[in-house]
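A.B. asks: Submitted below is the structure of interest, expressed as structure tokens.
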Amino acid sequence: MTERPASHIRLTLRPPRPDDAPAIAELETAGLPEALRVDPALAPLLAIQARARAASLTSAFPEALNRVAELEGQTVARLITAREADRLHIVDVAVTPSARRRGIGAALLDALKAEAGPAPLTANIFPENHASLALFAAAGFELRHEDGSAQVQAHWENDVIDS
């Protein structure tokens, strides 16, 4: 599939529904080695892990906004953000493997830039997540990896000054 500019992608952001469960499960396991994803004996363990991760995110970001992105009727991404006093923080963003390389991640970041308004937009990314680092860099985020930090800090500032 050819890549399209993010501005041409019309995503619908909405709260997750029960029928999004298969797409969300795909997102939860997409980064795992294939052997773990296809072994039916591991499905209960992966479900427990997904619930624990969700509980951890809820605990760390109790006011977070959890949404899914829909394209042409299909759930293609999950997005969790937290509005803090001085910024909009991207807690988690993930695109389903079947929808990657189509500009969806870039479209999500564009939507978040608009949503952030004058506030900075931030995210923390694991250094081994090369695809996310490339996505955020291409979207104009400054990437910083401080000594001793387990994650790369991504930071975007709206450079439009209101007069």
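Quick note on numbering: this note's numbering labels position 37 of the sequence shown as 37, and the sequence is numbered without any gaps. Each residue gets a CB set at the ideal place from its N, CA and C atoms; glycine is no exception. Here the structure is a predicted model, which is why all the values come from computation and not from measurement.
Hey, out of His145, Ile104 and Leu88, whose CA is closest to Leu65's CA?
C.D. replies: Here residue 65 is taken as the residue at index 65 of the sequence shown, counted from 1. That would be Leu88, whose Cα lies nearest to the Cα of Leu65.
A.B. asks: How long is the line joining the alpha carbons of Ala154 and Val68, rounded to whole angstroms?
C.D. replies: By 1-based counting over the sequence shown, the position of residue 154 is 154. By 1-based counting over the sequence shown, the position of residue 68 is 68. Straight-line Cα distance between these residues: approximately 21 Å.
A.B. asks: Taking DSSP as the reference, what is the three-state secondary structure of Asp19?
C.D. replies: As a working mapping, residue 19 is identified with position 19 in the sequence shown. If DSSP states are grouped into helix, strand and coil, Asp19 belongs with the helices.
A.B. asks: Which residue's Cα is closest to the Cα of Arg14: Ser56, Leu108, Glu26 and Ala99?
C.D. replies: Translated into positions along the sequence shown, residue 14 becomes position 14. Comparing Cα positions, the closest option is Leu108.
A.B. asks: According to DSSP, simplified to helix, strand and coil, what is Ala30?
C.D. replies: Here residue 30 corresponds to residue number 30 of the sequence shown, with the count starting at 1. In this structure, Ala30 counts as coil in the three-state DSSP scheme.
A.B. asks: Just how far apart, CA to CA, sit Gly73 and Gly103?
C.D. replies: Counting from one through the sequence shown, the residue named residue 73 turns up at place 73. Counting from one through the sequence shown, the residue named residue 103 turns up at place 103. The straight-line gap from Cα to Cα measures roughly 17 Å.
A.B. asks: In this structure, how does DSSP classify Ile48 when only helix, strand and coil are distinguished?
C.D. replies: Indexing the sequence shown from 1 puts residue 48 at position 48. Note: Ile48 maps to helix in three-state DSSP.
A.B. asks: For my contact list, Ala99 and Leu79 are in at a C-beta cut-off of 8 Å; report their separation, rounded to the angstrom.
C.D. replies: Walking along the sequence shown from the start, residue 99 turns up at place 99. Walking along the sequence shown from the start, residue 79 turns up at place 79. Not really, about 13 Å apart at Cβ, beyond 8 Å.
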